[in-house]
Amino acid sequence: MPRRSRFQLQTLDELLRQLRYAPVSARHRLIDAAEALAHDIDPERMYPHEFVIYRITGYRPEQDEEAVDSGAALLADLAAFISRLSETAPLNEAERGCRALSIEDVSAQLNVSLRTVQRYRKQGLIFHYVSADDGNAGEIGLACFEDALQAFRDRHAGMIEKAARYSQITADDERKAISAAESLRHERGWSRHRVARHLAQQFQRSTETMRLLLIRHDADCIAEGKTPLFNDTGPLTTRDARLLERAWQRGISMTRLTRRFGRTASALHRILNRRRADRLRRLDLHAVELATFRLEEADAIILAPPAVNQFPEIPFVQPRVSDLLRAVREAEPVPAAEEEARIAAWHYFRWRAAAAIAELPEHPGANALDAIETDLRCASKLFRRLVFDALPVVMRRIDAAVGRPVEQLPQRELSPLMKRAVAVSARVLENIDPSRGQHLERVAAYAMDRELAHTPPAVVPERAIARHLADGPGGSEIVEFRTPWDESLQPPKVVREGCDRLDEEDADLLRLRYGWGTELPRSIPQIVEKIGGTSTTVARRLRQLERRVRTHAFRASAGES
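Residue 284 in the numbering used here sits at position 278 of the sequence shown; the count goes up by one each step and never skips.
Written out as structure tokens, the structure is:
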């Protein structure tokens with residue numbers, strides 16, 4: 007089943023969020039309007055936001071300036087909008103008046119691959135979530151109605167006919183192509199690209215198809231200890247290195263990657279390590295250096311307190327402002343000794359990482375990089391804890407500035423204030439120095455007062471506050487607690503959420519690695535020391551677990567589980 011569609015533009019993404027609580031009949035009407043609009047979109051034209059919203063809802067919003075979207079991106083988003091909205095209001099064949107076709111049926115009717123059908127969805131082929139005629143909720147699935155398929159066929163007859171004529175290269179043609187490539191290489195000394203261009207004409211394929219065939223052949227030769235056909239590979243391009251890293255992060259096996267890029271596993275690992283090192287070198291890791299950092303016993307002194315190595319995790323993303331605010335109000339005061347220990351460890355992990363980055367060689371090893379990245383993950387966990395610890399006093403300063411508890415403010419006023427509170431708390435942590443007698447509560451309160459004096463919060467009329475209190479609390483907008491390195495060093499959200507579905511032993515391994523519990527994150531050697539095994543087996547097992555969780559999440563989002 008296809009994965010859940012995502013939006014390229016904000017126009018329909020925002021509209022979809024606004025329609026979460028619309029009646030089913032209204033959602034059906036809007037789906038029909040969006041489908042009618044999709045039939046009228048020219049991919050080569052530009053369309054104002056105002057026009058798009060008007061065609062779907064009948065409402066013409068006022069725009070300060072005319073924002074426009076490309077027709078091609080709009081087509082893709084309309085298809086995503088219809089499938090996502092129909093997921094909450096599925097039709098059946100009787101209501102539509104025609105048959106619903108699965109993606110496999112569409113593939114067979116058009117005589118194209120499933121991947122091509124996915125590409126067609128981004129070009130305006132409309133899929134809906136469809137329920138069985140008996141209304142059985144368990145039988146809902148993504149399908150294309152026959153009339154929508156016919157409309158797409160009428161618009162793109164030439165493109166579909168051309169795609170239907172395409173077929174994958176046969177094993178016999180592959181052997182002939184390799185034989186021809188060997189002759190061209192040995193007799194004429196042609197480069198891989200020139201040979202690929204020649205073979206593309208001979209076998210009626212694209213140059214890229216033939217180039218990848220030659221790369222796979224050479225990778226197989228290398229794996230078998232044979233001499234590859236082309237030794238003029240040169241360094242990977244920046245684009246290829248980026249693709250390699252993305253594929254590796256998504257759990258693609260090294261065997262497949264060696265075939266794809268025509269390099270040995272050790273060569274690809276060196277490229278991956280260089281990219282990790284380059285990313286680390288770009289970080290600005292300024293940290294306050296305390297007197298204990300250079301002592302031989304620094305780890306034992308700084309990292310031993312339970313306040314540092316045993317505390318509940320604060321999530322990266324707080325999905326509801328109201329829930330975060332409630333937790334802040336209920337938080338117990340932090341003892342001064344615990345606060346000082348956490349601040350010292352926060353600075354120490356960044357200081358130690360910065361020192362290790364400065365010493366990295368041109369070709370760093372995986373263990374050295376893992377140690378640095380683990381230090382930064384530890385720093386990130388402490389950062390989230392300290393930001394949360396600073397929020398009670400910061401929110402009290404905001405209460406004083408607005409003249410009432412912020413819970414009484416409308417959502418549109420509360421969310422920006424919460425984000426300002428988090429941002430101020432984060433800035434305070436950069437330079438707070440416990441060796442100079444600075445305490446988080448006092449420094450954070452002073453910083454928030456300065457922030458509010460420079461940019462006072464908006465005055466909210468009493469009538470708006472009364473209306474907000476009558477409506478009840480809102481607060482669905484997210485607030486994030488993130489450091490600059492979290493994006494590259496933390497696994498995707500689906501891995502964190504899917505961890506709890508693993509058996510306990512596997513889940514504990516992921517929690518140990520990333521600190522998803524009360525303990526700090528651990529490096530591969532630290533995990534080996536705790537549970538046994540080798541660095542290679544532990545690293546492989548972690549990758550397999552992350553890949554399993556990703557696969558489960560993908561299938562769940564596609565309706566396969």
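Ideal Cβ positions, reconstructed from N, Cα and C, are used throughout, including at glycine.
Bounds of any beta strand (DSSP E) do not take in A95, whose DSSP letter is neither H nor E. With contacts defined as CB atoms closer than 9 angstroms, L296 and P440 qualify as a contacting pair. For the 9 angstroms CB-CB criterion, L80 and I132 do not form a contact. For a cut-off of 8 angstroms, the C-beta gap from A283 to S529 is around 16 angstroms, too long to register as a contact. For I533, the closest C-alpha among the options M52, R433, H45 and R519 is that of R519. According to the DSSP assignment, L148 belongs to the beta strand (DSSP E) that extends over G147 to F151.
If you compare the alpha carbons of A157, H558, L278 and D455 with that of E503, the shortest gap goes to H558. With respect to the C-alpha of L250, the residue from L235, G147, A273 and R403 having the closest C-alpha is A273. The criterion of a C-beta distance shorter than 9 angstroms is not satisfied by A313 and E338. When only Cα atoms are considered, Q16 and A85 end up about 14 angstroms apart. Distances from the alpha-carbon of A362 to those of H353, E368 and A374 put A374 closest. Shown here, Q324 sits in a strand according to DSSP, grouped into three states. Residue burial is scored here from C-beta neighbours: V118 has at least 16 other C-beta atoms within 10 angstroms and is therefore classed as buried. DSSP, reduced to helix, strand and coil, places Y354 within a helical segment of the structure shown.
Q210 counts as exposed, since fewer than 16 other beta carbons sit within 10 angstroms of its beta carbon.
Taken atom to atom, the span from the alpha-carbon of R121 to that of R127 is near 10 angstroms. D290 and F299 have their C-alpha atoms some 19 angstroms from each other. When C-alpha distances from I62 are compared across M424, E41 and A82, the shortest belongs to E41.
Put simply, the backbone Cα of R198 is about 39 angstroms away from that of E365.
Looking at the backbone, the Cα of V323 and that of R402 are separated by about 22 angstroms. DSSP, read as helix, strand or coil, puts V340 in coil. One thing to note: L515 has its Cβ within 9 angstroms of the Cβ of L551. For Q444 and A451, the gap between their C-alpha atoms comes out near 12 angstroms. In terms of CA proximity to R276, A247 leads the group A157, A247 and A28.
Here the alpha carbon of A82 sits roughly 44 angstroms from the alpha carbon of V408. In the three-state reduction of the DSSP assignment, A106 falls in the strand class, which pools E and B. Under a 10 Å Cβ-count criterion, D38 is classified as exposed, with fewer than 16 other Cβ atoms of the shown protein chains found around its own Cβ. In this chain, the beta strand (DSSP E) harbouring Y53 covers M52 to P54. Of the candidates R269, Q207, E193 and L91, the residue whose Cα lies closest to the Cα of E230 is R269.
Between the C-alpha atoms of A95 and R33 there is a straight-line separation of about 7 angstroms. In the structure shown, V201 falls within a helical segment according to DSSP collapsed to helix, strand and coil. V428 is positioned such that its CB atom lies closer than 9 angstroms to that of F487.
Here the C-alpha atom of V501 lies approximately 48 angstroms from the C-alpha atom of S189. In this structure I404 is in contact with V412, their Cβ atoms being roughly 6 angstroms apart against a cut-off of 8 angstroms. Cβ neighbours of H369 within its own chain (closer than 8 angstroms, five residues either side excluded): R276, N279 and R280.
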